[in-house]
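So the structure is just underneath, and the comments pick up after that.
2 protein chains.
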Amino acid sequence: MCLKIIQRFPLRELAQYIKNHVPGVGDELLPDIEENFRIRFLGKGEHLIREGEVCKNVYFVKKGFLRNYVLKDGKDNTVWFFFPSDFLTVFDSLQLKSPGRENTEALSDSELYWISLENLEALNLKSHTWERISRLFTIQFALQQQARLFMFQTMNAEEKYEYLCENFPKIIQYIPNQYIASYLGITRETLSRIRSRRKDRR
Amino acid sequence: MCLKIIQRFPLRELAQYIKNHVPGVGDELLPDIEENFRIRFLGKGEHLIREGEVCKNVYFVKKGFLRNYVLKDGKDNTVWFFFPSDFLTVFDSLQLKSPGRENTEALSDSELYWISLENLEALNLKSHTWERISRLFTIQFALQQQARLFMFQTMNAEEKYEYLCENFPKIIQYIPNQYIASYLGITRETLSRIRSRRKDRR
DNA sequence: TGATTTTTTTGACCTAGATCACAGAATTTT
DNA sequence: AAAATTCTGTGATCTAGGTCAAAAAAATCA
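Heads up: the protein sequence lines correspond to chains P and H, in order.
For the first sequence, position 70 (counting from the first letter as 1) is numbered 70 according to the numbering used here, and the numbering increases by one without interruption.
Just so we're on the same page, the numbering used here is the position in the second sequence counted from 1, plus 202.
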């Protein structure tokens, strides 16, 4: 009885998050969650995923913040930042079961829950509800990608930074400028100049 | 009996496409497809969707090719091209039920099947199989967005064009260069110079 | 088929943002 | 707290790709 409570306790963020984001879903998921998710700790600076690996898991950030990046011609391109209550994976590697180009680095001490794709797909096959949950989170991912693509296709350096300030204040607040620049596809120097011009204007 | 065959006939591309792309799915979908999809014709140059509208349907291209584009500061940004057997919608507008920024233009006389999101969601709710089909096609969409984003973040003009030639020869083959340029986020002039340099080299 | 419109190419120039090179601030380590 | 490292800011240049203009080629129309 007491053990049961202790077991459940660590996964409450995840269960709560799903309940908040998928209408009509309740506590019936808890047993599946408990059986299938595990926890993993990462120290600041440690890597969770390296390019060339096939990513076989989906992670959920309990604590900390992390960054996915791709190296191309020695240049560091930040793909995404992850904060508590974000799902983290290398989407193409996971879905295509092929080696990925992305690396995942912990920017602070972090705690993650994770499930293997194999187990997640078993849940999706077994239960319409899990299939629906997976679909809804895939929609969220697709919406993020689409919005970011729109940013890259239509905005200049300054507009991209403004967009970030308005829509992702958490990134501005917690992430070092060098990574923000690499996330926006501009150099540290350009970002620095944008920031100082911006300060002048007010 | 004969009527039934006639009714079914026009939707065979769609049913076949789903069967080809979703493992373990067979003819049991046909009644749902017949009941929920309608056909629509568009002449070359006609618009299917205008910015500012809430897109409430998902389309499937039976014949022709089309283009989604966004206008920003008078500049035309091509978002995507659609060919036979592609699904077409304005994803964010559809999912968020909010006015979209995209326009859809037929680049040739076209025929589309379409279903309302309302009816599609009813199928998703009623049937685990439809939920799965929807999830798998959402994954495909997300993969496309991710790959395109990678292109924008990491490639220069010439690399983007090479990437297109290798991965989307259909676009090179059928689409006027001005739209290819706008799809790559470069000017017609730059594309023209890349193409002539390329011709020189061989 | 020739006339008109649209698209593509080519050249001369320009500019947003990159690169290079340091100096000053912050962090982190000892 | 001093030393070492890692970040951020600023100036001087450079360059990929944009802009403008006008000709050549291709597609559409009558």
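Built from N, CA and C at the ideal position, the CB exists for glycine as well.
Only a predicted model underlies this, so the values are computations on that prediction, with no experimental measurement involved.
Let's test the definition: count the other Cβ atoms within 10 Å of the Cβ of residue i and tell me whether it reaches 16, buried, or not, exposed.
i: Y261/H; result: buried
i: K199/P; result: exposed
i: E166/P; result: exposed
i: F150/P; result: buried
i: L112/P; result: buried
i: R38/P; result: exposed
i: N20/P; result: exposed
i: E131/P; result: buried
i: E28/P; result: exposed
i: E248/H; result: exposed
Quick one: Cα of residue i to Cα of residue j, how far?
i: Y161/P; j: T154/P; result: 13 Å
i: S329/H; j: I139/P; result: 18 Å
i: N270/H; j: G100/P; result: 29 Å
i: G276/H; j: R337/H; result: 36 Å
i: G185/P; j: A383/H; result: 20 Å
i: D288/H; j: S310/H; result: 15 Å
i: R8/P; j: L30/P; result: With a pLDDT of 46 at R8/P, under the threshold of 50, the modelled position of that residue is not reliable, and the figure given next carries that caveat. Rounded to whole angstroms, R8/P to L30/P spans 8 Å at the Cα level.
i: R214/H; j: K265/H; result: 13 Å
i: A359/H; j: L42/P; result: 38 Å
i: F137/P; j: R395/H; result: 42 Å
i: L405/H; j: A308/H; result: Lying before the first or after the last residue shown, residue 405/H is absent from chain H, which here runs from 203 to 404.
i: F152/P; j: N177/P; result: 18 Å
i: Q348/H; j: L143/P; result: 11 Å
i: R242/H; j: Q16/P; result: 43 Å
i: Y183/P; j: V79/P; result: 6 Å
i: L71/P; j: F81/P; result: 16 Å
i: C2/P; j: I251/H; result: With a pLDDT of 40 at C2/P, under the threshold of 50, the modelled position of that residue is not reliable, and no figure is offered here.
i: K170/P; j: L327/H; result: 35 Å
i: T187/P; j: Y179/P; result: 10 Å
i: K44/P; j: S110/P; result: 7 Å
i: G254/H; j: S318/H; result: 18 Å
i: I374/H; j: N305/H; result: 21 Å
i: P23/P; j: I133/P; result: 10 Å
i: R148/P; j: T331/H; result: 31 Å
i: Y365/H; j: D76/P; result: 20 Å
i: E391/H; j: W316/H; result: 37 Å
i: F343/H; j: L191/P; result: 32 Å
i: G228/H; j: V54/P; result: 31 Å
i: I18/P; j: P286/H; result: 37 Å
i: E159/P; j: F370/H; result: 30 Å
i: Y174/P; j: L14/P; result: 22 Å
Please list the partners that residue i has in chain P, where partner means a Cβ-to-Cβ separation under 8 Å.
i: K236/H; result: A quick correction: the sequence has Glu, not Lys, at residue 236/H. Neighbours of E236/H on chain P: none; closest Cβ ~23 Å, over 8 Å.
i: E333/H; result: H128, E131, R132 and R135
i: D387/H; result: Checking the sequence, you will find Gly at residue 387/H rather than Asp. In chain order: F152 and Q153.
i: K274/H; result: T154
Along chain P, in chain order, which residues have C-beta atoms closer than 7 Å to that of residue i?
i: F354/H; result: L149, F152 and Q153
i: K258/H; result: Chain P residues near K258/H: none, gap ~16 Å exceeds 7 Å.
Listing by chain order, which chain H residues have their CB less than 7 Å from the CB of residue i?
i: A142/P; result: F293, T340, F343, A344 and Q347
i: Q95/P; result: I341 and L345
Below 9 Å on C-beta distance, what does residue i contact in chain H?
i: N77/P; result: F352, Q355 and T356
Evaluate contact between the segment 94-114 of chain P and the segment 184-201 of chain P, counting only Cβ atoms and requiring at least three cross-stretch pairs below 8 Å. Contact between the segment 94-114 of chain P and the segment 184-201 of chain P is absent, because fewer than three Cβ pairs lie under 8 Å.
Tell me the start and end of each unbroken alpha helix (DSSP H) in the segment 295-382 of chain H that is at least 4 residues and wholly inside, in chain order. Counting whole runs of 4 or more residues, the segment 295-382 of chain H contains the alpha helix (DSSP H) stretches 319-328, 330-356, 359-369 and 371-376.
What ranges does the beta strand (DSSP E) occupy inside the segment 223-268 of chain H, keeping only unbroken runs of at least 3 residues that lie completely in it? Unbroken beta strand (DSSP E) runs of no fewer than 3 residues, entirely contained in the segment 223-268 of chain H, are found at 240-244, 249-251 and 259-265, following chain order.
So, do the segment 44-64 of chain P and the segment 115-125 of chain P have three or more beta carbon pairs nearer to each other than 8 Å? With a cut-off of 8 Å on Cβ pairs, the segment 44-64 of chain P is in contact with the segment 115-125 of chain P, counting three or more such pairs.
Decide if the segment 284-295 of chain H is in contact with the segment 232-243 of chain H; the criterion is three or more beta carbon pairs, one per stretch, under 8 Å apart. Judged by Cβ distances under 8 Å, the segment 284-295 of chain H makes no contact with the segment 232-243 of chain H, as fewer than three pairs qualify.
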